[in-house]
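Protein chains: 2
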Amino acid sequence: MYKIDHLGIAVKSVAIAKAFYEKLGLPVSLEETVPEEKVNLIMATVGESRLELLEPTSEDSTIAKFLAKRGEGLHHVALQVPDLASVVARLRSDGVRMVSDEIKIGAGGHRYIFVHPSSAGGVLIELVEE
Amino acid sequence: MYKIDHLGIAVKSVAIAKAFYEKLGLPVSLEETVPEEKVNLIMATVGESRLELLEPTSEDSTIAKFLAKRGEGLHHVALQVPDLASVVARLRSDGVRMVSDEIKIGAGGHRYIFVHPSSAGGVLIELVEE
Numbered sequence: 007m008y009k010i011d012h013l014g015i016a017v018k019s020v021a022i023a024k025a026f027y028e029k030l031g032l033p034v035s036l037e038e039t040v041p042e043e044k045v046n047l048i049m050a051t052v053g054e055s056r057l058e059l060l061e062p063t064s065e066d067s068t069i070a071k072f073l074a075k076r077g078e079g080l081h082h083v084a085l086q087v088p089d090l091a092s093v094v095a096r097l098r099s100d101g102v103r104m105v106s107d108e109i110k111i112g113a114g115g116h117r118y119i120f121v122h123p124s125s126a127g128g129v130l131i132e133l134v135e136e
Numbered sequence: 007m008y009k010i011d012h013l014g015i016a017v018k019s020v021a022i023a024k025a026f027y028e029k030l031g032l033p034v035s036l037e038e039t040v041p042e043e044k045v046n047l048i049m050a051t052v053g054e055s056r057l058e059l060l061e062p063t064s065e066d067s068t069i070a071k072f073l074a075k076r077g078e079g080l081h082h083v084a085l086q087v088p089d090l091a092s093v094v095a096r097l098r099s100d101g102v103r104m105v106s107d108e109i110k111i112g113a114g115g116h117r118y119i120f121v122h123p124s125s126a127g128g129v130l131i132e133l134v135e136e
């Protein structure tokens, strides 16, 4: 029921990242643009998970700000959980801080929310529903 | 054949991390000490992968230095590959830099090597053999 859905990685160039992950032997998807997030992304499938390689398309994108502050590298981890609403309720009742008030619905119709890194040992954790 | 074997996360306290990941609904292992790495660690199983939560036991451990420089958070990702020697040979022939000259053998007998972040878009990637 639980799995690592994907691992988000901030990169300056998806083209360079693509070449590297293909050398590793991983199949890499075609590049796509996500205007809401102001990123170009490619994905490398690895077992039941994906590496999501994110290149900013604008200086005010979250990923551009991350690159300016921390440089390229691991950005977030998305964990698939079986019952998102009940997990979020349990976390909230224990004082865990979420990035948004509500569970959001992504482009593909999946439900997700981010746990604030201050409540998750410095890790930006995205919780996504199966 | 390929999978995310584990995701290494640097934490100040495995006890605090344990409480958080159990709230998420993940089974967390007992704490163990790895003297060679100067860490206490716990692991949370998530699907076919694990989260490896690493707390330094000494100020000169790699994880202590990471915490001092970057704070708590995502530290490395370990990818299981089917044939480590041939993957490493292919990467080296393409000019990819490894952290060590040789493939190493870990406590459990598994073979591993780290790709240098400078060759992997800022990500510390551990390659482990199945």
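Going line by line, the protein sequences match chains A and B. Each number in the working numbering comes from the position in the first sequence (counting from 1) with 6 added on. Each number in the working numbering comes from the position in the second sequence (counting from 1) with 6 added on. Even for Gly, the Cβ is constructed at its ideal location relative to N, Cα and C. From a predicted model like this one, the values you see are computed outputs, not experimental measurements.
Judged by their CB atoms, Glu78(A) and Gly128(B) are nearer to each other than the 8 Å cut-off.
Ser55(B) sits buried, since 16 or more C-beta atoms from the chains shown fall within 10 Å of its C-beta.
Restricting attention to Val94(B), Gly112(B) and Leu80(B), the CA atom closest to the CA of Ala16(A) is found in Leu80(B). For Gly101(B), the closest alpha carbon among the candidates Ser124(B), Lys75(B), Lys71(B) and Ala70(B) is that of Ser124(B).
The contact set of Ser55(A) on chain B, defined by CB atoms closer than 9 Å, consists of Lys9, Ile10, Gly53, Glu54 and Ser55 in chain order. Secondary structure at Arg117(B): strand, using DSSP grouped into helix, strand and coil.
By the Cβ rule, the segment 20 to 39 of chain B counts as touching the segment 84 to 96 of chain A, because three or more pairs are nearer than 8 Å.
A distance below 8 Å between beta-carbons, with the five flanking residues on each side excluded, links Tyr8(A) to the following residues of its chain, in chain order: Leu85, Gln86, Val87 and Pro88. Residues of chain A whose Cβ lies closer than 9 Å to the Cβ of Glu132(B) do not exist; the shortest such Cβ separation is about 12 Å.
Just measuring C-alpha positions, the residue of Lys44(A), Ala21(A) and His82(A) sitting nearest Leu36(A) is Ala21(A). In terms of beta-carbon proximity, Val40(A) stays away from the interface with chain B, with every pair separated by 8 Å or more. Under the DSSP definition of a beta bridge, Ala84(B) partners with His12(B) and Glu132(B). Closest option to Lys18(B), judged by alpha-carbon separation, among Glu42(B), His12(B), Val121(B) and Ile48(B): Ile48(B). For Lys75(A), DSSP records no beta bridge to any residue.
Residue environment analysis places His122(A) among the exposed positions, since fewer than 16 neighbouring C-beta atoms fall within 10 angstroms of its C-beta. CA-CA distance, Asn46(A) to Glu38(A), rounds to 6 Å.
Boundaries of the beta strand (DSSP E) around Leu60(B): Ser55 to Pro62. In the DSSP annotation of this structure, the continuous segment of the beta strand (DSSP E) that includes Ile48(B) starts and ends at Val45 to Val52. For Glu28(A), there is no enclosing beta strand (DSSP E); the enclosing alpha helix (DSSP H) has its first and last residue at Val20 to Lys29. Secondary structure at Val102(A): coil, using DSSP grouped into helix, strand and coil. Considering only beta carbons, the part of the segment 53 to 81 of chain A lying closer than 7 Å to chain B consists of Gly53, Glu54, Ser55, Gly77, Glu78, Gly79 and Leu80, in chain order. Under the DSSP assignment, Glu38(A) falls in the beta strand (DSSP E) whose first and last residues are Glu38 to Val40. For Val34(B), the pairing in a beta bridge is given by DSSP as Ala50(B).
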